[in-house]
Amino acid sequence: MPRKYVIGGNWKCNGTVAQVSDLVSTLNKAGDFPSNAEVVIAPTFLHVPMVKDAVRSDVNVSLQNCSVDSFGAYTGEIAPEMIADFGLKWVITGHSERRTGFGGQAGETSEIVAKKTKKAIEAGLTVIACVGESLDEREAGNTLKVVLEEHLAAIADALSQEQWAKVVVAYEPVWAIGTGKTASPEQAQDVHASIRSWLSDKVSPEVAEATRIIYGGSVKGSNAGTLADCADIDGFLVGGASLKPEFIDIINAVEGK
1 MPRKYVIGGN WKCNGTVAQV SDLVSTLNKA GDFPSNAEVV IAPTFLHVPM
51 VKDAVRSDVN VSLQNCSVDS FGAYTGEIAP EMIADFGLKW VITGHSERRT
101 GFGGQAGETS EIVAKKTKKA IEAGLTVIAC VGESLDEREA GNTLKVVLEE
151 HLAAIADALS QEQWAKVVVA YEPVWAIGTG KTASPEQAQD VHASIRSWLS
201 DKVSPEVAEA TRIIYGGSVK GSNAGTLADC ADIDGFLVGG ASLKPEFIDI
251 INAVEGK
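Per the UniProt record's numbering, the sequence shown starts with residue 1, numbered consecutively.
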């Protein structure tokens, strides 16, 4: 069976009530989305209830992160079980901004990302698990070492083969996130193909064939169609452009692919 595209919009720490209402209205008025696309949007924690109640039924609502623990004395955390109990089915783990840290916070290790991924799957969620290298790592020739041997291997060590059915891998080269730089279709396809080959060798050929591997890093309406033509690119995780009407163009770019 052909893999269904996943088009994700990560809103990050953006949006007032009025702005979020406008974003939802734009999605609701956009007309039919391609039947081969699964659309997922990730508002802030605060806006999730509002978006969940207002957005069209064929758009999934995701959280941007979850706790590595269940219920308990973890001030400020959101347990995966809470996400599922609220009626949501998606969560993002391991985004580069969480791996590197910000605002004085320490970044998350690959082991923490793997534990969050496993915990979320056990709660019944589908996980968009992010992997990707920095500019220094790419220029040093360490892209595959970081993506495969560090980020992806930790997740594979934590999951059973069956649990991979609930994982979407998002390859996000850190040097292309919010910079305006985009990996060329050839660069992105090369890494995606390497991820699929690694999954075939380390997990199983069946998992490799079924797993959707999506690209994130300054995806725009102008380049989405070309990227989607690549054999191993199964959609996108979109940042800044998901906050604009352009996100509709990105979704529609996979029509007929």
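Beta carbons: idealized from backbone N, C-alpha and C, even for Gly.
Distance between Ala-120 and Gln-187 (C-alpha atoms, nearest Å): Rounded to whole angstroms, Gln-187 to Ala-120 spans 30 Å at the Cα level.
Endpoints, the alpha helix (DSSP H) within which Trp-198 is located: From DSSP, the alpha helix (DSSP H) with Trp-198 extends over 185-202.
Simplified DSSP state of Thr-26, which is helix, strand or coil: Note: Thr-26 maps to helix in three-state DSSP.
Beta-carbon proximity list for Ala-183, same chain, < 7 Å, skipping 5 on both sides: Contacts found: Pro-173, Ala-176 and Gly-217.
Arg-56: first and last residue of the uninterrupted alpha helix (DSSP H) it sits in: Per DSSP, Arg-56 belongs to no alpha helix (DSSP H) and is neither H nor E.
With 16 other Cβ atoms within 10 Å as the buried cut-off, status of Lys-181: Looking at its Cβ environment, which holds fewer than 16 other Cβ atoms inside 10 Å, Lys-181 is exposed.
Identity of the residues DSSP links to Tyr-171 by a beta bridge: The bridge partners DSSP lists for Tyr-171 are Val-131 and Tyr-215.
Distance CB(Pro-80)-CB(Ala-123) smaller than 7 Å: It is a contact, given that the beta carbons lie within the stated cut-off.
Cα-Cα separation, Ile-248 to Thr-211: Our two residues, Ile-248 and Thr-211, have alpha carbons roughly 24 Å apart in a direct line.
Residue span of the alpha helix (DSSP H) that contains Tyr-225, given as start and end: Before going further, note that residue 225 is Gly rather than Tyr in the sequence given. First-last of the alpha helix (DSSP H) with Gly-225: 221-228.
As assigned by DSSP and simplified to three states, the class of Phe-236: In the structure shown, Phe-236 sits in a strand (DSSP, three-state: E or B).
Limits of the beta strand (DSSP E) - the one that Asn-10 falls within: 5-10 is the span of the beta strand (DSSP E), which, as asked, contains Asn-10.
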